[in-house]
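Take a look at the structure set out below.
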Amino acid sequence: HFSEKMASNRLLSWTGNQGKHVWSKLGRMASRPRTLARWTVGDKRSTQKCDPYEQGGKPLDKEEAKQLRDTVPDWNLDEDCLRLSREFRFNDGQSALAFLPYVTNISTNDGHMPEEIRAFPGPEAPRVELTLHTPALGGLSYNDFLLALKLSSTIEAVGSVAR
């Protein structure tokens, strides 16, 4: 089994024979074979798990979620402290829709998206409702509160918000 990466019709790299041979950018075999993996099954590194939220794979507990909630006014915790939500009210539907790219850009840059985004741009009570939650943890993470803080700060800076 082998894989090839092509660019401008030139062979850039080829690995075969269980990853032991590496081709150079010129298409010639590297002067000496290299093993790509630096660990084997059973090593400590092979059993480590990814913990991108640095919370030991667990959501924030209720007490910590309640304390952090105080740092993001206007956001609400659900009964189980598993979700953080806020309703942003706008003066008109156009402003409500104009807020959505801000949500998308901030979320994308942080690598952490809201669980739910609901926009109601109609003439009566135009609003955007956001719900934050980290599915990988089954609850809230520090990233949820950081995203809430950034979105609240953005809406204050952008203006044309709310009643």
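Here the sequence shown is numbered in full-length UniProt numbering, starting from 1 and rising by one per residue. No residue lacks a Cβ here, since even glycine has one placed at the ideal position from N, Cα and C.
- In the displayed model, G138 falls within coil according to three-state DSSP, outside both helix and strand.
- Under DSSP, E87 forms a beta bridge with E129.
- The region 135-143 and the region 117-127 do not touch, with fewer than three beta-carbon pairs separated by less than 8 Å.
- Within the region 66-122, the complete alpha helix (DSSP H) runs of at least 4 residues fall at 93-110.
- Put simply, the backbone Cα of D61 is about 16 Å away from that of L146.
- If you draw a straight line from the Cα of M113 to the Cα of S85, it is about 13 Å long.
- Within its own chain, the residues whose Cβ lies closer than 8 Å to the Cβ of D74, once the five positions on either side in sequence are excluded, are R86 and S152, listed in chain order.
- Between the alpha carbons of V128 and E63 lies a gap of roughly 28 Å.
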